[in-house]
Structures are given as C-alpha cells and as structure tokens.
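In the working numbering, the protein residues as written are 6 to 238.
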C-alpha cells in the first residue's frame, strides 16, 4: 500500500509545480533582459528579505527544472549575481537537483506514458552507455550537454536506473557547471553596476575571469571524451 502511495508523490509534486508556475506567471520573467530592467528592485528585495529570497530562488529553480523550461543557465548566472558565487552555486544546484528528481520520479509513474514521447529514440541512443556504467555516464552527461537537460532527467527513468544512482550522479555532475556560471554571474555584477563608466579592464575581475576560464576548460571535455572513446573502441 505504501509503495503505491509513494508512486503518486512525484506526480503530485509535479502538479503542485504546474499550479505554482501558472498562478505566479514565472515563465514570462525568465530572461536576462527582464532581470536587468528590474535589477534594482530585485536586489533591494533580496537585501530586505534574504532568506525568503533564497527559498523563492530555489523554488523557482525547482519549478523550471521539473517543467523542463530551459532556464538553468540564466538562473544560475542571476543566482551568482544575487547571492555571490558560493551561494549562487549552492542554491542553483539544490533547486536543479530537486527539480530533476521530481521529473525522474514522475516518469516512473503512469505520467511516464505522457513524457516518454518527448525523448523518443534518444533513449535508445543512451541505453548502451547507461546500462553499462550508469553513474559515470550520468555525471558525464551533466558535465557536457550532449543531450537536452530534460532528456537526461527522463531517459534514466525509462531505462530503470536506480533513483540513488540518478540523484547522486546528478548532484555531482552539476557542481562544475553550477560553480562556473555562478562565478560568471558574480563577476557580471560589477559590469552591470558600471552604467556609463564601463571599462574592459575593471570588468574582467577575478570571479568573472575564473568563471570564463572554467567554461573554457569545460568546453574541452567533449574533445577528451571522444579521443578516449576512439582509443578504446
């Protein structure tokens, strides 16, 4: 009986997420342009209600991830700007992980029949690697966006990957990207505050440079992976 009830928890959570998104109209505001136009007000809100802002940011990240809205990069950069590199990374990874796990769990219920057509034949492409070494392949897919984010959340559920493997690999795999984009967001704060006094020298502060350098390193991963795979094939 408990198992049957447990199967309905993810789909119930997804229903709550849908209701929140519809009620609050969050999707319309997920853009850098909107953030920049409302930056002063948002920063003031964060300063006045810091812990509430953290909760709302994580909740927004959960909603967008569970609904497969492609806003992770934008939100992580904004998180870095609002909460600093460390806080932005932690809160982004937390929200993304919870949202991914909700979607994974929903795919294991009857709701999976609706979600499965969205991934189509991509599941077959991923099947061999996921079956052979699910944990490390999932980490790789989190590091390198070889497939859309929502596909990486759904495909493992359809291939009967254990929840513990999926959740742990998701958290670990999201750390590098989360830190890098939060660093960029934190560094961009100085750029946004320059107004008419912009200069490239002052804009490229330590955090922004660190984020851009990390992004460059991350972009080389597919090259190393293909070379290694070719070597052992």
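Think of the CB as a built atom: it goes at the ideal place given N, C-alpha and C, for glycine as much as any other residue.
{"query": "Buried or exposed: which applies to residue 160, given that a residue is buried once 16 or more other Cβ atoms fall within 10 Å of its Cβ?", "result": "buried"}
{"query": "If you drop the 5 nearest sequence neighbours on each side, which residues of the same chain put their C-beta closer than 7 Å to that of residue 158?", "result": "105, 108 and 109"}
{"query": "8 Å is my cut-off, CB to CB: does residue 172 come that close to chain C?", "result": "Note that chain C does not occur in the displayed structure, where there is just one protein chain."}
{"query": "For a quick check, are the C-beta atoms of residue 178 and residue 97 less than 8 Å apart?", "result": "no"}
{"query": "Is the beta carbon of residue 175 less than 8 Å from the beta carbon of residue 148?", "result": "no"}
{"query": "Ignore the nearest five residues each way along the sequence and tell me which others in residue 124's own chain have a CB closer than 6 Å to its CB.", "result": "156, 159 and 160"}
{"query": "So residue 4 and residue 187 are in contact, right, with Cβ under 8 Å, and what is the actual spacing, rounded?", "result": "Only positions 6 to 238 of the chain appear in the structure, and residue 4 is not among them; the question remains open."}
{"query": "Helix or strand or just coil, what does DSSP make of residue 154?", "result": "helix"}
{"query": "Whose C-alpha, out of 86, 67, 69 and 164, is nearest the C-alpha of residue 41?", "result": "86"}
{"query": "Does the distance from the C-beta atom of residue 166 to that of residue 120 stay below 8 Å?", "result": "no"}
{"query": "Between residue 239 and residue 113, how many whole angstroms is the CB-CB distance? I'm expecting something under 8 Å.", "result": "With the chain represented from 6 up to 238, any question about residue 239 goes unanswered, as that position is not in the structure."}
{"query": "Going by C-alpha distance, which of 63, 56, 103 and 46 is nearest residue 169?", "result": "103"}
{"query": "Count the other C-beta atoms from every protein chain shown that fall within 10 angstroms of the C-beta of residue 93, then say buried if there are 16 or more, exposed otherwise.", "result": "buried"}
{"query": "Can you tell me the Cα-Cα spacing of residue 39 and residue 71, whole angstroms?", "result": "22 Å"}
{"query": "Going straight from the alpha carbon of residue 181 to that of residue 122, what length do you get?", "result": "30 Å"}
{"query": "Who are the near neighbours of residue 141 in its chain, counting only those whose CB is closer than 8 Å to its CB and skipping five residues on each side?", "result": "174"}
{"query": "Here's a check: name, in chain order, each residue in its chain whose Cβ is nearer than 8 Å to the Cβ of residue 59, leaving out the five neighbours to either side.", "result": "88, 92 and 96"}
{"query": "Looking only at its chain, what residues have a beta carbon closer than 8 Å to the beta carbon of residue 61, apart from the 5 residues adjacent to it on each side?", "result": "none"}
{"query": "On the three-state DSSP scale, how would you describe residue 74?", "result": "coil"}
{"query": "With a threshold of 16 other CB atoms inside 10 Å of the CB of residue 66, please say whether the residue is buried or exposed.", "result": "buried"}
{"query": "How many angstroms separate the CA atom of residue 139 from the CA atom of residue 46?", "result": "44 Å"}
{"query": "For residue 193, which option in 164, 79, 145 and 137 has the closest C-alpha, if you only look at C-alpha atoms?", "result": "79"}
{"query": "Under 6 Å Cβ to Cβ from residue 100, same chain only, skipping five residues before and after it: list those, please.", "result": "63, 66 and 67"}
{"query": "Does the Cβ of residue 207 have 16 or more other Cβ atoms within 10 Å, making it buried, or fewer, making it exposed?", "result": "Note that residue 207 has pLDDT 46, beneath the 50 cutoff, so the model's placement of it is unreliable and the number below is only indicative. Exposed, because fewer than 16 other Cβ atoms sit within 10 Å of the Cβ of residue 207."}
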